[in-house]
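Asker: Right, I'll just put the structure down here and ask away after.
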Amino acid sequence: MPSSLPMPKYAEIANLLRESLSTKADGARLPSVRAMMRRFGICQHTVTSALALLENDGIIDRRPGSGVYVRKPDANPVICFCRPGNQNAHFDLKEDALGRACQARGWQLIVDRFDALKVDVFSEEAPAGAFVIPPELITFHAPLLQRLTGRGVPVVVMGRDTSEDHLDFVTGDDKPALREFVLGLKERGHRRIAYLDCEPPFDEVRRRLEYFAEICRSNGLEDFTVLNVRTQYGQDGVKNTERFLRRYLGRLGRAPLPFTALIAGSTAGSVPAPVVFREAGYSIPRDLSLCSIGSDPRAIYCIPPTSDAALHDEELAAAAIDIIGRRWSGDRSPLLSQVISYRANWRESVGPPPRRRTRPSPARRSASL
6 MPSSLPMPKY
16 AEIANLLRES
26 LSTKADGARL
36 PSVRAMMRRF
46 GICQHTVTSA
56 LALLENDGII
66 DRRPGSGVYV
76 RKPDANPVIC
86 FCRPGNQNAH
96 FDLKEDALGR
106 ACQARGWQLI
116 VDRFDALKVD
126 VFSEEAPAGA
136 FVIPPELITF
146 HAPLLQRLTG
156 RGVPVVVMGR
166 DTSEDHLDFV
176 TGDDKPALRE
186 FVLGLKERGH
196 RRIAYLDCEP
206 PFDEVRRRLE
216 YFAEICRSNG
226 LEDFTVLNVR
236 TQYGQDGVKN
246 TERFLRRYLG
256 RLGRAPLPFT
266 ALIAGSTAGS
276 VPAPVVFREA
286 GYSIPRDLSL
296 CSIGSDPRAI
306 YCIPPTSDAA
316 LHDEELAAAA
326 IDIIGRRWSG
336 DRSPLLSQVI
346 SYRANWRESV
356 GPPPRRRTRP
366 SPARRSASL
């Protein structure tokens, strides 16, 4: 008997490709399967079997709908975090958390910044093998998002449920925290609670509002109020909320507030609310208790600090990196996602309701005009 069996054809092709790929740069694109069939005079099954060998060895990266690319074993994987270019502590913290999560795996994080109001100028040439993007790219410029996802590399949305768009995502489950806020305010004696809806009408934003109403009704709090800022896609939620609250309080004039507690649906409401109510003559928490879904340093360090429901950036970043790792390892699931629970933080912005319906202080109101 011969000392060894003949080498299968697909293994021969794999060896030939291995030699030719050794001189190519990381990320270089291979010819199509049909082109290799013509070049070697073989069938499609033989080509795909050879590519499977190379993929198992970590030499190539097959990206459905895009092609086959060289993957150098000693190349440090690169992830690009796309974020607005303005100074924003919210995104600074996420960038830092992603950097630490990448470093723990020996991966490299690069950052590409875009103008939140001119997303079309965002650079799409970042040399990355995966992208972590904020909801703003979905909100403001869908064609850009389509071009990013069309590159055939993993794209993970950080901070919003994008299952309806068939995009991998990590986000927070705010229902437990929202329920804790409503019940906690009720336990402190509040019966008239308002909800400040200050984000564009995303599906999860709509569901959050519906859940607030459901919690109130099921706990005998029928006298709740919804303040709808009507922020649209692409608008500045903080500025819109500030203008809305000033108009709302201006229309009230000297009439008492119709609620004793306010839950802001996002940081777009928690940032301007303390300032606007204080300038209108209302004291927090003496006249109005304030809570917020989401956390922002500008709200945490105001006086008094705002009660909020925080989502730890370290957990979000680790979840996003985990999804990318699974995609790079060959997970072809239609959708990968992770949902992390918010944590409610009670601070000095919440107290018992005022004994009587609150009117603005005339002196403080006139001083702010």
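Here the sequence shown is numbered in the working numbering, starting from 6 and rising by one per residue.
Ideal Cβ placement from N, Cα and C applies to all residues, glycine included.
1. I need the DSSP call for residue 67, collapsed to helix, strand or coil.
2. How do the stretch 163 to 177 and the stretch 199 to 206 stand: do at least 3 beta-carbon pairs fall below 8 Å, yes or no?
3. I'd like the list of long-range same chain contacts for residue 337, defined as Cβ closer than 8 Å, with 5 residues on each side in sequence excluded.
4. Buried or exposed, going by whether 16 or more other CB atoms sit within 10 Å of the CB of residue 223?
5. Need the endpoints of the beta strand (DSSP E) that residue 343 sits in, please.
6. Report buried or exposed for residue 25, applying the criterion of at least 16 other Cβ atoms within 10 angstroms of its Cβ.
7. Tell whether a beta-carbon distance below 9 Å holds between residue 99 and residue 139.
8. Between the C-alpha atoms of residue 54 and residue 61, what's the straight-line distance to the nearest angstrom?
9. Kindly indicate which three-state DSSP category residue 274 falls into: helix, strand or coil?
10. Mind checking whether residue 254 and residue 365 have CB atoms under 9 Å apart?
11. Using the Cα positions of residue 343 and residue 117, report the straight-line distance between them to the nearest angstrom.
12. Could you give the distance in angstroms between the alpha-carbon of residue 252 and the alpha-carbon of residue 229?
13. With a cut-off of 8 Å on the beta carbons, I'd call residue 186 and residue 349 a contact; round off their distance for me.
14. Am I right that residue 198 and residue 268 are in contact with their C-beta atoms under 8 Å? What's the rounded C-beta distance?
15. Is the number of C-beta pairs between the stretch 353 to 363 and the stretch 281 to 299 that are closer than 8 Å three or more?
Answerer: Looking at the coordinates:
1. Mapped onto the sequence shown, residue 67 falls at position 62. Residue state, collapsed to three classes: strand.
2. In this structure the stretch 163 to 177 does not lie against the stretch 199 to 206, because fewer than three pairs of beta carbons, one per stretch, are closer than 8 Å.
3. Numbered from 1 along the sequence shown, position 332 holds the residue referred to as residue 337. Spatial neighbours of residue 337 in its own chain (CB-CB distance under 8 Å, excluding positions within 5 residues in sequence) are listed in chain order as 69.
4. For the purposes of this step, residue 223 is taken as the residue at position 218 of the sequence shown. Under this definition residue 223 is an exposed residue.
5. Translated into positions along the sequence shown, residue 343 becomes position 338. Going by DSSP, residue 343 is part of the beta strand (DSSP E) stretching over 342 to 346.
6. Within the sequence shown, residue 25 is the residue found at index 20, counting from 1. It counts as exposed.
7. The sequence position of residue 99 within the sequence shown is 94, counting from 1. The sequence position of residue 139 within the sequence shown is 134, counting from 1. Going by beta carbons, residue 99 and residue 139 fall inside the 9 Å limit.
8. Here residue 54 is taken as the residue at index 49 of the sequence shown, counted from 1. Here residue 61 is taken as the residue at index 56 of the sequence shown, counted from 1. Going by the C-alpha atoms only, they are around 11 Å apart.
9. The residue given as residue 274 occupies position 269 in the sequence shown. Residue 274: helix per DSSP, three-state reduction.
10. Counting from one through the sequence shown, the residue named residue 254 turns up at place 249. Counting from one through the sequence shown, the residue named residue 365 turns up at place 360. Yes, Cβ-Cβ distance for residue 254 and residue 365 is below 9 Å.
11. Along the sequence shown, one-based indexing puts residue 343 at 338. Along the sequence shown, one-based indexing puts residue 117 at 112. Using only the alpha carbons, I get a separation of about 24 Å.
12. Within the sequence shown, residue 252 is the residue found at index 247, counting from 1. Within the sequence shown, residue 229 is the residue found at index 224, counting from 1. Cα to Cα, the separation comes out at about 20 Å.
13. Here residue 186 refers to the residue found at position 181 of the sequence shown. Here residue 349 refers to the residue found at position 344 of the sequence shown. Residue 349 and residue 186 do touch by the CB rule: their CB atoms are close to 6 Å apart, below 8 Å.
14. Locating residue 198 in the sequence shown gives position 193, counting from the first residue. Locating residue 268 in the sequence shown gives position 263, counting from the first residue. Sure, about 7 Å apart at Cβ, within 8 Å.
15. At 8 Å Cβ cutoff, the stretches touch.
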